[in-house]
Every structure is written in structure tokens, then in C-alpha cells.
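> Residue numbers (this note's numbering): 27 to 245.
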Amino acid sequence: MIRVLLVDDQALIRGGFRALLEAEDDIEVVAEAANGEQALALALEHLPDVALVDVQMPVMDGIEATRRIAADERLSEVHVVILTNYGLDEYVFNALRAGASGFLVKDTEPADLLQGVRVAARGDALLSPAITRRLIGEYVARRPEPDPQGLEVLTNREREVTALVARGMSNDEIAAHMVISPTTAKTHVSRAMTKLRARDRAQLVVFAYESGLVSPRRS
27 MIRVLLVDDQ ALIRGGFRAL LEAEDDIEVV AEAANGEQAL ALALEHLPDV
77 ALVDVQMPVM DGIEATRRIA ADERLSEVHV VILTNYGLDE YVFNALRAGA
127 SGFLVKDTEP ADLLQGVRVA ARGDALLSPA ITRRLIGEYV ARRPEPDPQG
177 LEVLTNRERE VTALVARGMS NDEIAAHMVI SPTTAKTHVS RAMTKLRARD
227 RAQLVVFAYE SGLVSPRRS
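#1: Since residue 185 sits in a beta bridge, which residues does DSSP pair it with?
#2: Report yes or no: do three or more beta-carbon pairs, one from the segment 133-148 and one from the segment 89-98, lie closer than 8 Å?
#3: State the Cα-Cα distance for the pair residue 234 and residue 175, rounded to the nearest angstrom.
#4: For residue 32 and residue 192, I'd like the C-alpha separation in whole angstroms.
#5: Out of 126, 226, 137 and 218, which one is the CA nearest neighbour of residue 50?
#6: Shortest alpha-carbon distance to residue 27 belongs to which of 36, 39, 41 and 52?
#7: Hey, residue 146 and residue 128 are a contact pair by Cβ (cut 8 Å); roughly how many whole angstroms apart?
#8: Which residues share a DSSP beta bridge with residue 129?
#9: Looking only at C-alpha atoms, which of 96, 59, 63 and 79 sits nearest to residue 124?
#10: Around the Cβ of residue 40, are there at least 16 other Cβ atoms within 10 angstroms (buried) or fewer (exposed)?
#11: Starting from residue 39, trace the beta strand (DSSP E) in both directions and tell me its first and last residue.
#12: Taking the continuous alpha helix (DSSP H) assigned at residue 93, which residues delimit it?
#13: Between residue 94 and the rest of its own chain, which residues show a CB-CB distance below 7 Å, the 5 nearest in sequence each way excluded?
#14: So what does DSSP say about residue 224, is it helix, strand or coil?
#15: Mapping DSSP to helix, strand and coil, what is residue 145?
#16: Does the separation of the CB atoms of residue 78 and residue 109 fall below 8 Å?
#17: Return the first residue and the last residue of the alpha helix (DSSP H) that residue 71 is part of.
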């Protein structure tokens, strides 16, 4: 059973999401929060698998809530998915940098929302290669120079798999590209995440571009 925390300041939106999610046999909404402060308290109380978090809320916004969830070791298994009205914007990028696993637009198709919750619960990133390229092209590429800090802790293999993750490859695709087993590919990805203190693959994507390991111009 996938346990979900809904975080949005509009009760009507929360109610719609709850009805959709709880119609599924494998998903349970364990709590609802109207702002980021409530979200933190309820996340600690219920330890959900996925937190669907709106960006713009009173008291504490979704970005700060995401940052605090990501920084709390007790919530290391909580995967934050940002809900946005506007699609890709700077709020979304800041949320990803803060520790979110991905994002969904509020008017997404119901089937895509349900799939997104299941993907996040598995610990995978909700970032398609096309979205990744646009995200990096618009925001990370604004930096005049990449910051390679952190690359030195990775082996050459770990750098290679991190770059391939940033290009949108799954572990099986990485294995085929590098001519290694899927298990070995998964091990390299996991070690890179551990060394970089990345909560999930989304954090590897952001790191790969910000460090200059992957160039948005060649994506």
C-alpha cells in the first residue's frame, strides 16, 4: 500500500485528489495539510511514502517544506512530488534543488497522476529526458560557469552513470550502454547517490548539470 500525504491550501483540490487516489487498491491517503508547517508535522506523524506538495501556500510554502523534509533524516523515505499550476517554472527548479523527486501539473490526466505517485513511491525521478533538457536549459545554464565541487568523490564509473542518469536513462539502459549487468549499474547509481547525499535520481540530474558533468548544450 502506497501511503500519500496531500499538501495544498485549497480544500477542494485536496478533496479531488483524495477521491482519485483512494479509488485505487494500492494507494491510501493518510493525511491532508493546508500549508508546509502542517505538512512537516503530519509527515513525521504518518511517515508517508509520497507527499504531493503545492508550491504556493501560506505559513510555509512548498519549497521550504520540501527543503525541511529532505533535511530530516527521519523523513528520508518520504518522496516529495511538487504540484504546480504552471508546468515548468523556477519554483519547480528550486523545489528539485531542495530535494523534490519530481513534479506534476495539477491539470494532468488522472492516469498520469496515479502513475506519477507509483513512480515516486519506487524512488524513481519524475523527470522525462525532454523535461530535463528544458529544465536545465532554462535554469542551470544561467550560471556563468559550472561548479565541479563534488565530482572528486566519484569514481570514473560513477561519473559516467551519473551523466547517463541525467540523460534520462534507466538502470537497464545504462547497463546496456556500458555493457555491464543491470545489478552493477544499479550499484554504481546507488553509490553515486550515497557519496553525493542525493535522495533520489532527480538529485543526480541536478548535480550532473550544475557540476558541468553534462552540458545542456549537448543534451
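All C-beta atoms in this analysis are idealised placements derived from N, C-alpha and C, irrespective of residue type, glycine included.
If we stick to the structure as given:
#1: Paired residue(s): none; residue 185 is not in a bridge.
#2: no
#3: 11 Å
#4: 28 Å
#5: 137
#6: 52
#7: 6 Å
#8: 108
#9: 96
#10: buried
#11: Note, residue 39: premise wrong, no beta strand (DSSP E); alpha helix (DSSP H) at 37-48.
#12: 88-97
#13: 66
#14: coil
#15: helix
#16: yes
#17: 62-72
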